[in-house]
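Here my numbering is used: the first residue of the sequence shown is 913, the next is one more, and so on.
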Amino acid sequence: MLKYNFARVFRARGIERPFSFLKKAGFSDNFSTKIKKNQVKRLELKEVEKLCVLLKCTPNDVLEWVPDTHAEVEETHPLSHMKKPENDVDFVKTLNEIPLGKLEELERILKEHLGKK
913 MLKYNFARVF RARGIERPFS FLKKAGFSDN FSTKIKKNQV KRLELKEVEK LCVLLKCTPN
973 DVLEWVPDTH AEVEETHPLS HMKKPENDVD FVKTLNEIPL GKLEELERIL KEHLGKK
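And the structure:
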């Protein structure tokens, strides 16, 4: 089954208050609550695009595939790439645990990798 997993992206982006974040971006209370609680069943493509632009991600980042327990799908099936790892990325937590002296080195490495000066 394909489902949305916005919590994963919020954690990775260090967004502690998704409802407030979405409200500030212009989304309604109702929409923001559903996204925050991962209770979204259906989204218009324009909403998916707006969320992806806001969160700097792709639709594949907010969608995940959880195979039905009765489904027989090969591990090589393309949907397998949409399974999300058990451990979510919590980059903010990781950064907070890095000693200050190492942060400059990490910033330099990231900038080199991303091609930024």
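Glycine is no exception: its CB is placed at the ideal position from the N, C-alpha and C atoms.
- Taking 8 Å as the cut-off, the beta carbon of K915 is found no closer than this to the beta carbon of V960.
- By the criterion of a C-beta distance shorter than 8 Å, T1006 is surrounded by no residue of its chain, once the five residues flanking it on both sides are discounted.
- In the DSSP assignment, E976 falls within the beta strand (DSSP E) that extends over L975 to W977.
- Distance from the CA of I1021 to the CA of E984, rounded to the nearest whole angstrom, comes to 42 Å.
- Assigned with DSSP and collapsed to three states, K935 falls in helix.
- Looking from the CA of V974, the closest CA among I1010, R925 and K935 belongs to R925.
- Taking N972 as the centre and dropping the five residues before and after it, the same chain places the C-beta of M994 closer than 7 Å to its C-beta, in chain order.
- For L914, the uninterrupted beta strand (DSSP E) run begins and ends at L914 to Y916, by DSSP.
- A straight-line Cα-Cα distance of about 22 Å links V952 and S992.
- Around the C-beta of P990, fewer than 16 other C-beta atoms lie within 10 Å, and the residue is accordingly described as exposed.
- When the Cα atoms are used, F939 and C969 turn out to be separated by approximately 18 Å.
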